[in-house]
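Peer 1: The first sequence runs 1 to 540 under UniProt numbering. Even for Gly, the Cβ is constructed at its ideal location relative to N, Cα and C. Just so it is clear, the structure is predicted and the values come from calculations on it, not from any experiment.
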Amino acid sequence: MTDATVTNPLPPLYYLDNFYSILDTVSSRYPDLLTRTESEWIAAFKALAQPAQLLLVRMLSRKGNWFREDKFNYPEIPSIDAAINELATSSLVSVTSSPTLDVALAIHTKPELLQLFDSLPLKASAKKPEIVDEIMRHAGSCPVLPYRCIEVSHDVLPVFLLLYFGNSRQNLSEFVVSDLGIYHYETVPLNIKDRLFNERSQIDAWLALSNLADEYWETVESKQRAKVRELVCRLPEPFDWPPLAYKRNRLVNAVARDLERLGDIDAAEFLFVTSALPPAKERLARMALSQNDVEKAAGYVADMLASPYNEEEKEIAERLARQLSKKGAIDAPAKTKNVFEEECVALTLTQRVEMISADYYREQGWQVWYCENLVLNALFGLAFWDIIFSPISGAFLNPFQRSPKDMYLPEFIESREDVIQSRLADIRENTAFVLDTYEQKYGLANDWVYWDYVDKTLISAALNTLSNDQLIACFERILFDRKNNRSGHPDLFMTKDGKCRFVEIKGPGDKLQHHQIRWLNFFVEQGIDARVLYVSQPQD
DNA sequence: TGGTCATCAG
DNA sequence: TTCACACGGTCAC
DNA sequence: GACCGTGTGTCTCTGATGACCAGC
Ligand SMILES: [Mn+2]
């Protein structure tokens, strides 16, 4: 574990400091995009005394809008009572002792509800949802409570987080895990003029889409896939702005795939045709094919062949074309022949087949690592470290990034074309700097380098056994499609006598995946020893 | 009352 | 708002 | 052989606490 055991103490009011960092950044980066409500909220917040600020940030960083005065336990806030009063006076919260019934039901535990509504014939053994139903049926309202309930008036945190981080995945705990020393981030100069959003409508659409995606995942998690039908009409129309278009099409593809599984082929098609993101065209072709509409399927396949989104979509189209050509609908490119070796062996499987196979090669004198994608990705992340973290405008929006915002977008290459080319040329001459980078950057978060899983001996073994040209070829392949070519690497990497070998392990019943085949063929074309090992159980 | 899960804190 | 991979099944050829 | 759905570990922290439930 990289330093994870060492945790630094946090300053006493760390969460208020962190919240202020966000407010300050957001209001200086996006003064023109904040709504009137948000600007006034910030002004009102800053005018509060510190205890009231503390309590409000505590509430904002918790789930839900409703809280109970009697349940607060914040020793750092001198008077909860005074803080609540001040927040209520500023209209930042509203306060009541008689909340509506549904709120009361949500903020009380089951034992509390049994006591609160003891005049109703409730069964203590019933589950909470049943008790809630029962109370809803028989009680008109909630009795007046001996404590106050507080509702946060404006749920401003999601907007501020989105504007600060530039995504809807990171939150206030980024500050904490970083300050505790659990994560260490590369320092990249941030420019306050760099903005992700340029219109308010982009922010609102983003938040709406995030909420919709949340809802979608909740329905999927609750195993009620049929309910996704209710989401369909709330999906937004396609966007021109790429970040929103991508986010939208991912959700559309997921929903459409569920509709397809539910047998709602027409509805699925209706959605897929609005999505430019794979696998939309593939699904359209397959749906047409399964309905025996060969013409239509051929149309989508031809479309994919003419302008494939990436290597994967191109291969899928070629396979589909071969299926269609049997029906005489289209002429298909021939199947490419595999050029890697296939080795077969019978081994007794006492643990994971990859481990057993690693021992099998160790007995032959190899030094073996079961590292899958880790080794090539780490080499790439190290060799291109300063390019990945170069302060390109708009690429770094917050101090907690493991990669630039455009790492997996076409712009990554376009904006860095020259430095990438000159780095590749450098690597042709020497690769020793990669190990230096390993030492200098050890522990710093990088999307490509998982320090706890890739040790220095592995990195130097790879550098010593792959030729510079082979390394360049691997990097070019990763650079070509950063998103897809960071996976599919063989299970085992091994070295012996200054040579290396990649081996993908296939146990009984396991088959090569398409991207694994692409990598194996690529290695062999580059003169790198790569093969698949088929392991079977010995017959007794 | 012990196990599981969600939530919160640092 | 998850991803990569393995596994086991079906279907058609 | 091709495709599909599902399971598994996980590589976005770790431990404490409380709510809930089932079983005794
Ligand atoms: Mn394998």
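#1: Who's in the neighbourhood of ligand 3, going by beta-carbon under 7 Å from any heavy atom, listed in chain order?
#2: Report all residues from its chain with a CB closer than 6 Å to the CB of D447; omit the five preceding and five following residues, and keep chain order.
#3: For L16, report the span of its alpha helix (DSSP H) as first-last.
#4: Rounding to the nearest angstrom, what Cα-Cα distance links L444 and D452 in this structure?
#5: Check the C-beta distance from L231 over to V252 and give it rounded, since I have them as a contact under 8 Å.
#6: When you compare the region 474-488 with the region 304-318, are there three or more beta-carbon pairs, one atom per stretch, that lie closer than 8 Å?
#7: Cβ atoms of N373 and H489: under 7 Å apart, would you say?
#8: Is the number of C-beta pairs between the region 349-356 and the region 434-441 that are closer than 8 Å three or more?
#9: Measure the beta-carbon distance from E343 to L533 and round it to whole angstroms, keeping in mind my assumption that it falls under 8 Å.
#10: Count the other CB atoms, across all protein chains shown, that sit within 10 Å of the CB of H108; report buried if there are 16 or more and exposed otherwise.
#11: By DSSP's criteria, Q367 is part of a beta bridge. Which residues make up the other side?
#12: Could you check the C-alpha separation between K123 and S141 for me, to the nearest Å?
#13: What whole-angstrom Cβ distance do F400 and L520 have, given they're in contact under 8 Å?
#14: Pick helix, strand or coil for D510, following the three-state DSSP scheme.
#15: Hey, which unbroken runs of the beta strand (DSSP E) at 3 residues or more fall wholly within the UniProt domain "VRR-NUC" (427-537)?
#16: R283 bridges to which residues according to DSSP?
#17: Check the DSSP bridge columns for T96 and list the partner residues they point to.
#18: Between which residues of its own chain and D133 is the CB-CB distance below 8 Å, once the five residues before and five after are set aside?
#19: Apart from the five residues just before and just after T37, which ones in its own chain have a Cβ nearer than 6 Å to its Cβ?
#20: Taking the straight line between their C-alpha atoms, what separation do you get for D3 and I182?
#21: Straight-line CA distance for A226 to L262?
#22: Where DSSP assigns a beta bridge to F197, which residues make up the other side?
#23: What residues in its chain sit with their C-beta under 7 Å from that of residue 545, if we drop five residues either side in the sequence?
#24: Report the rounded CA-to-CA distance for Y300 versus P278, giving the unit in angstroms.
#25: Say whether the region 41-61 touches the region 188-199, bearing in mind that this needs 3 or more beta-carbon pairs closer than 8 Å, one atom from each stretch.
Peer 2: Taking the structure as given:
#1: Among the ligands modelled here, namely ligand 1, ligand 3 does not occur.
#2: What you label residue 447 is simply residue 447 of the first sequence in a count that begins at 1. Only R402, S403 meet the Cβ criterion.
#3: Taking the first residue of the first sequence as 1, we reach residue 16 at position 16. Run containing L16: 14-29, per the alpha helix (DSSP H) assignment.
#4: To locate residue 444, count along the first sequence from 1; it is residue 444. To locate residue 452, count along the first sequence from 1; it is residue 452. Rounded to whole angstroms, L444 to D452 spans 11 Å at the Cα level.
#5: Residue 231 sits at position 231 when you count from the first residue of the first sequence. Residue 252 sits at position 252 when you count from the first residue of the first sequence. Not really, about 10 Å apart at Cβ, beyond 8 Å.
#6: Contact check between the region 474-488 and the region 304-318: three or more CB pairs, one atom from each, fall below 8 Å, which counts as touching.
#7: Residue numbering aside, residue 489 sits at position 489 when the first sequence is read from its first letter. Residue numbering aside, residue 373 sits at position 373 when the first sequence is read from its first letter. Cβ distance < 7 Å, so H489 and N373 count as in contact.
#8: When C-beta atoms of the region 349-356 are compared with those of the region 434-441, fewer than three pairs fall below 8 Å, so the two segments do not count as touching.
#9: Within the first sequence, the letter at position 343 stands for residue 343. Within the first sequence, the letter at position 533 stands for residue 533. Confirmed, Cβ separation roughly 5 Å.
#10: Reading the first sequence from its first residue, position 108 is the one you call residue 108. That one is buried.
#11: Locating residue 367 in the first sequence gives position 367, counting from the first residue. BP columns for Q367 point to T495.
#12: Mapped onto the first sequence, residue 123 falls at position 123. Mapped onto the first sequence, residue 141 falls at position 141. About 19 Å.
#13: To locate residue 400, count along the first sequence from 1; it is residue 400. To locate residue 520, count along the first sequence from 1; it is residue 520. So it is not a contact: roughly 37 Å between Cβ atoms.
#14: The count along the first sequence starts at 1 and reaches residue 510 at position 510. Three-state DSSP puts D510 in coil, outside helix and strand.
#15: The qualifying runs are 492-496, 499-506, 529-536.
#16: Counting from one through the first sequence, the residue named residue 283 turns up at place 283. Beta-bridge analysis with DSSP links R283 to no other residue.
#17: To locate residue 96, count along the first sequence from 1; it is residue 96. Answer is C149.
#18: Within the first sequence, the letter at position 133 stands for residue 133. Scanning its chain for C-beta atoms nearer than 8 Å, with the 5 sequence neighbours on each side dropped, one finds no residue around D133.
#19: The sequence position of residue 37 within the first sequence is 37, counting from 1. No residues qualify anywhere along the chain.
#20: By 1-based counting over the first sequence, the position of residue 3 is 3. By 1-based counting over the first sequence, the position of residue 182 is 182. Its pLDDT being 48, under 50, D3 is placed unreliably in this model, and the coordinates cannot settle the point.
#21: Here residue 226 refers to the residue found at position 226 when the first sequence is read from its first residue. Here residue 262 refers to the residue found at position 262 when the first sequence is read from its first residue. C-alpha of A226 to C-alpha of L262: approximately 7 Å in a straight line.
#22: On the first sequence, position 197 is the one that residue 197 refers to. Paired residues: none, contrary to the question.
#23: Lying before the first or after the last residue shown, residue 545 is absent from the chain, which here runs from 1 to 540.
#24: If you number the first sequence from 1, residue 300 lands on position 300. If you number the first sequence from 1, residue 278 lands on position 278. Roughly 12 Å separates the two Cα atoms.
#25: Contact fails between the region 41-61 and the region 188-199, because fewer than three Cβ pairs, one in each stretch, are under 8 Å apart.
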